[in-house]
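*Asks:* Residue numbers (the working numbering): 681 to 1006. Dropping the structure in here first, questions after.
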């Protein structure tokens, strides 16, 4: 299928600039069935009115519908002075954001993302290094033998990521999820960025290991999580029925939106094997004056999850909800 380019909601000068810079020709409007090779650029003029019924267009809903095929690339055009441009694009599931100075009619940055995936970028320094290494291997039999031994030694080992992955869901396993929790917590504190943690208990009784419905159910809930989350989010199977989500750069409001989407999707889904789920979710966000380390962060989330589990119906309990109950 040939690559198609779509653009909507941008001034004419920006369209001309992008077409000239990248040698492409845009089609007007929003594609009804975007494919794997399609690229869609969405400007701010469209994020307010729906062509059909003049109702408000929600940026997240629009991007999500366009990315029904995750290989479709979607980019948002945002104002150059918007400090949350990147965060907004990521939250809306777009591939990125292009910053534009509308007053000066100039493109600030981001258009390089329109280059086709796999386009070779200049990497002379890397190529020179590889060339020198290849020359050394050819001229030094000892180094050549050593390199060959390392390759052969790893030939039968499982891939590195496979050793960190839960085999039933394809998500990260509990130990690695705990490691990422510590890593992301430290990064958030260092760069003064928000970090949200969601714990989700799918709310089913423990299934026997040999029950065929077990693997099917776990795979189905994992597919929901992967669809709803962004590429930068960390997803892990924390315990038998509890899943952990780390949302870098996401505050309490954004984390709540994601939690509500996942709970709603699970409620609407009919799972194989007539399995019934009753999800319970906990949402906690840092920075918080009462959370000083990773252990306190996780403990607060587990306390929220216990309250959510005790509810008679699916429920989301945030840190603020927990404080109001005390």
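Ideal Cβ positions, reconstructed from N, Cα and C, are used throughout, including at glycine.
Taking just the CA atoms, how far does residue 905 sit from residue 849?
*Replies:* Position 169 of the chain shown, counting from 1, holds the residue named residue 849. Position 225 of the chain shown, counting from 1, holds the residue named residue 905. Looking at the two C-alpha atoms, the distance is approximately 10 Å.
*Asks:* Where does residue 876 fall in DSSP's three states?
*Replies:* Residue numbering aside, residue 876 sits at position 196 when the chain shown is read from its first letter. Residue 876 falls in the strand class under three-state DSSP.
*Asks:* Quick check on this structure: which residue in 695, 722 and 873 has the alpha carbon closest to the alpha carbon of residue 932?
*Replies:* Here the question's residue 932 lines up with position 252 in the chain shown. Answer by Cα proximity: 873.
*Asks:* Assuming the contact rule is C-beta atoms closer than 8 Å, residue 678 and residue 994 should be a hit. Round their C-beta distance to whole Å, please.
*Replies:* This structure cannot settle anything about residue 678, because the visible part of the chain is limited to 681 through 1006.
*Asks:* From the DSSP secondary-structure annotation, give me the bridge partner or partners of residue 789.
*Replies:* The sequence position of residue 789 within the chain shown is 109, counting from 1. 779.
*Asks:* Where does residue 937 sit, in a helix, a strand or coil, going by DSSP?
*Replies:* As a first step, residue 937 must be located in the chain shown, where it is residue number 257. In the structure shown, residue 937 sits in a helix (DSSP, three-state: H, G or I).
*Asks:* Is it buried or exposed, residue 1000, if we count other Cβ atoms within 10 angstroms and call 16 or more buried?
*Replies:* Taking the chain shown and counting its residues from 1, one reaches residue 1000 at position 320. Looking at its Cβ environment, which holds fewer than 16 other Cβ atoms inside 10 Å, residue 1000 is exposed.
*Asks:* Verify whether the separation of the beta carbon atoms of residue 746 and residue 720 is less than 7 Å.
*Replies:* As a position in the chain shown, residue 746 is number 66, starting the count at 1. As a position in the chain shown, residue 720 is number 40, starting the count at 1. It is a contact, given that the beta carbons lie within the stated cut-off.
*Asks:* Leaving out five residues before and five after residue 753 in sequence, what residues of the same chain have Cβ atoms less than 6 Å from its Cβ?
*Replies:* Locating residue 753 in the chain shown gives position 73, where the first residue counts as 1. Cβ neighbours of residue 753 beyond the five flanking positions: 719 and 775.
*Asks:* Assess, as a yes-or-no matter, whether the region 962 to 974 is touched by the region 865 to 880 under the definition of 3 or more beta carbon pairs within less than 8 Å.
*Replies:* They touch, by the three-pair rule.
*Asks:* Less than 7 Å between CB atoms is the rule here; does residue 896 satisfy it with respect to chain D?
*Replies:* Of the protein chains in the structure, only one exists, and it is not chain D.
*Asks:* Tell me the DSSP secondary structure of residue 723 in three-state form.
*Replies:* Residue mapping note: residue 723 aligns to position 43 of the chain shown, counting from 1. The answer is coil: DSSP assigns residue 723 none of H, G, I, E or B.
*Asks:* So the alpha helix (DSSP H) residue 951 belongs to, where does it begin and stop?
*Replies:* Taking the first residue of the chain shown as 1, we reach residue 951 at position 271. No alpha helix (DSSP H) contains residue 951, which DSSP labels as neither H nor E.
*Asks:* Measuring only the C-alpha atoms, how far is residue 851 from residue 900?
*Replies:* Indexing the chain shown from 1 puts residue 851 at position 171. Indexing the chain shown from 1 puts residue 900 at position 220. Roughly 12 Å separates the two Cα atoms.
*Asks:* Just curious, the alpha helix (DSSP H) that residue 957 is in, first and last residue?
*Replies:* As a working note, residue 957 is residue 277 in the chain shown. That residue, residue 957, is in no alpha helix (DSSP H); it is neither H nor E in DSSP.
*Asks:* Counting only the same chain and skipping the five closest in sequence on each side, list residues whose C-beta sits under 7 Å from that of residue 856.
*Replies:* As a first step, residue 856 must be located in the chain shown, where it is residue number 176. Within the same chain, residue 856 has close Cβ partners 844 and 916.
*Asks:* Across which residues does DSSP place residue 753 in a beta bridge pair?
*Replies:* Position 73 of the chain shown, counting from 1, holds the residue named residue 753. 719, per the DSSP bridge assignment.
*Asks:* Let me know the secondary structure DSSP gives residue 868 once reduced to three states.
*Replies:* Position 188 of the chain shown, counting from 1, holds the residue named residue 868. Residue state, collapsed to three classes: helix.
*Asks:* Compute the distance between the beta-carbons of residue 955 and residue 880, then report whether it is under 7 Å.
*Replies:* Walking along the chain shown from the start, residue 955 turns up at place 275. Walking along the chain shown from the start, residue 880 turns up at place 200. Result no, Cβ atoms of residue 955 and residue 880 do not sit closer than 7 Å.
*Asks:* Is residue 930 buried or exposed, if buried means 16 or more other CB atoms sit within 10 Å of its CB?
*Replies:* Numbered from 1 along the chain shown, position 250 holds the residue referred to as residue 930. With 16 or more other Cβ atoms within 10 Å, it is buried.
*Asks:* Just how far apart, CA to CA, sit residue 762 and residue 698?
*Replies:* Walking along the chain shown from the start, residue 762 turns up at place 82. Walking along the chain shown from the start, residue 698 turns up at place 18. Cα to Cα, residue 762 sits roughly 20 Å from residue 698.
*Asks:* Check each candidate in 992, 683, 909 and 715 and name the one with the smallest Cα separation from residue 935.
*Replies:* Residue 935 sits at position 255 when you count from the first residue of the chain shown. If we check each option's Cα against that of residue 935, 909 comes out closest.
*Asks:* In whole angstroms, give me the CA-to-CA distance for residue 1002 and residue 986.
*Replies:* Taking the chain shown and counting its residues from 1, the one referred to as residue 1002 is at position 322. Taking the chain shown and counting its residues from 1, the one referred to as residue 986 is at position 306. Roughly 10 Å between the two C-alpha positions.
*Asks:* What are the boundary residues of the beta strand (DSSP E) that includes residue 924?
*Replies:* Residue 924 sits at position 244 when you count from the first residue of the chain shown. Note, residue 924: beta strand (DSSP E), 922 to 928.
*Asks:* Just to confirm the assignment, what range does the alpha helix (DSSP H) spanning residue 980 have?
*Replies:* The sequence position of residue 980 within the chain shown is 300, counting from 1. Segment 974 to 989, the alpha helix (DSSP H) holding residue 980.
*Asks:* What would DSSP say about residue 699, mapped onto helix, strand or coil?
*Replies:* By 1-based counting over the chain shown, the position of residue 699 is 19. Of the three classes helix, strand and coil, the one that applies to residue 699 here is helix, per DSSP.
*Asks:* I need the boundaries of the alpha helix (DSSP H) containing residue 915, first residue and last residue.
*Replies:* Translated into the one-based positions of the chain shown, residue 915 becomes position 235. Not the alpha helix (DSSP H): residue 915 falls in the beta strand (DSSP E), residues 914 to 917.
*Asks:* By a C-beta neighbour count over all protein chains shown, 10 Å radius and 16 as the cutoff for buried, is residue 716 buried or exposed?
*Replies:* As a first step, residue 716 is located in the chain shown; it is residue number 36 there, counting from the start. It counts as exposed.
*Asks:* Can you tell me which residues form a DSSP beta bridge with residue 900?
*Replies:* Working through the chain shown from its first residue, we reach residue 900 at position 220. None; residue 900 has no bridge partner.
*Asks:* To the nearest angstrom, how far is it from the Cα of residue 923 to the Cα of residue 882?
*Replies:* Translated into the one-based positions of the chain shown, residue 923 becomes position 243. Translated into the one-based positions of the chain shown, residue 882 becomes position 202. Cα to Cα, residue 923 sits roughly 8 Å from residue 882.
*Asks:* I need the boundaries of the beta strand (DSSP E) containing residue 998, first residue and last residue.
*Replies:* Taking the chain shown and counting its residues from 1, one reaches residue 998 at position 318. Its beta strand (DSSP E) spans residues 995 to 998.
*Asks:* If you draw a straight line from the C-alpha of residue 696 to the C-alpha of residue 709, how long is it?
*Replies:* Position 16 of the chain shown, counted from the first residue, corresponds to residue 696. Position 29 of the chain shown, counted from the first residue, corresponds to residue 709. So the two alpha carbons sit approximately 15 Å from each other.
*Asks:* By DSSP, does residue 852 sit in helix, in strand, or in coil?
*Replies:* Numbered from 1 along the chain shown, position 172 holds the residue referred to as residue 852. The answer is strand: DSSP assigns residue 852 an E or B state.
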